[in-house]
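S.K.:
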Amino acid sequence: MFPLAFSAGPNNLMCASCGAAYGFRRTLPLILGINTIIALYSVLAGTGIGELFIHTPWLMQYFRIAGCIYILWLAYSFFRAGIQRNNPVSVQSAGYFTGVVVSALNPKLILALILMYSQFFNPSGKLVPQIIVLTTAVVLLSASAHVVWTMAGNFLSLLLRNERWQKIQYFFFGCMSVVVAVWLVRS
């Protein structure tokens, strides 16, 4: 699960973008929202709800399209912030709800959790302890990845502090958000 948790995906790219745009502390609610959904989906996958997504591909497609629309709205917010003439650029930070939505509509997350349970779940073992252990492990791993990506984005922004670089930075984050949205639809 380590490569999946630390690879570039919608949640990690959003953490990097928000870490750079808003700073580490203001991105913590986003990280909490993302990991709330990871924990919830892990419990659901462990109890067998993951089978629903396997047998209803239209539902997975709905998640992809809804996620794409929401992330395109976030991209628009970055682009709009980058063209504002007043300095400093004022943008409300992405909060808990944004983390919940981005994570809930992330098909990579759903598939990764189903994969995790298919690899590590022991059908002859007790259900609840296995779900607790696997959910705890995946949330700790994911939260670690989100913190690393957020700190990397924040570090990048510290190098680029003048107004011109901030505008370029917001444009770049808008483009990254568009890439994430396209990724959601194509995955």
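In this note's numbering, the protein residues as written are -17 to 169.
Just so you know, even glycine gets a beta-carbon here, dropped at the ideal spot from N, CA and C.
Note that the coordinates shown come from a computational prediction; the quantities given were computed from them, not determined experimentally.
I need the boundaries of the alpha helix (DSSP H) containing residue 117, first residue and last residue.
M.R.: Residue 117 -> alpha helix (DSSP H) spans 109 to 141.
S.K.: Run through DSSP, which three-state label would residue 174 get?
M.R.: Because the chain here runs from -17 to 169, residue 174 falls outside it and cannot be looked at.
S.K.: Beta-carbon separation of residue 47 and residue 164 under 8 angstroms?
M.R.: No, these two residues do not count as a Cβ contact at 8 angstroms.
S.K.: Among the residues of its own chain, which have a CB less than 7 angstroms from the CB of residue 85, if the five just before and after it don't count?
M.R.: Correct list, in chain order: -7, 15, 16, 19, 20 and 91.
S.K.: Helix, strand or coil for residue 106? Go by DSSP, reduced to three states.
M.R.: Reduced to three states, the DSSP call for residue 106 is coil.
S.K.: In angstroms with no decimal places, state the Cα-to-Cα distance between residue 226 and residue 51.
M.R.: What the structure shows of the chain is the stretch from -17 to 169, and residue 226 is not part of that stretch, so it cannot be assessed.
S.K.: Pick out whichever of 105, 143, 94 and 135 has its Cα sitting closest to the Cα of residue 123.
M.R.: The candidate whose alpha carbon is nearest that of residue 123 is 94.
S.K.: Kindly list the residues whose CB is nearer than 6 angstroms to the CB of residue 81, restricted to its own chain and excluding five residues on each side of it in sequence; keep chain order.
M.R.: Correct list, in chain order: 12, 15 and 16.
S.K.: Pull up the distance between the alpha-carbon of residue 70 and that of residue 145, whole angstroms please.
M.R.: Confidence is the limiting factor: at residue 70 the pLDDT is only 48, short of 50, which leaves the residue's position unreliable, though a coordinate-based value still follows. So the two alpha carbons sit approximately 8 angstroms from each other.
S.K.: Since residue 61 and residue 1 are thought to touch, with beta carbons under 8 angstroms apart, how far apart are those beta carbons, to the nearest angstrom?
M.R.: Contact flag wrong, Cβ pair sits at about 18 angstroms.
S.K.: For residue 76, report the span of its alpha helix (DSSP H) as first-last.
M.R.: Counting along the chain, residue 76 falls outside any alpha helix (DSSP H), and DSSP gives it neither H nor E.
S.K.: Give the straight-line distance between the Cα atoms of residue 72 and residue 149, rounded to the nearest whole angstrom.
M.R.: Here residue 72 scores only 48 on pLDDT, less than 50, and its place in the model should not be relied on; the value that follows carries that caveat. Computed Cα separation, rounded: 12 angstroms.
S.K.: Determine whether the beta carbon atoms of residue 129 and residue 57 lie at a separation below 8 angstroms.
M.R.: Their beta carbons are not under 8 angstroms apart, which means residue 129 does not touch residue 57 by this criterion.
S.K.: So, residue 206 versus residue -17, is the Cβ gap smaller than 8 angstroms?
M.R.: Lying before the first or after the last residue shown, residue 206 is absent from the chain, which here runs from -17 to 169.
S.K.: If contacts are defined as beta-carbon pairs under 8 angstroms, then residue 118 and residue 25 qualify, I think. What distance do you get, rounded to the angstrom?
M.R.: With 8 angstroms as the limit, residue 118 and residue 25 do not qualify as a contact, their Cβ atoms being about 11 angstroms apart.
S.K.: Tell whether a beta-carbon distance below 8 angstroms holds between residue 134 and residue -2.
M.R.: The answer is yes: Cβ separation under 8 angstroms.
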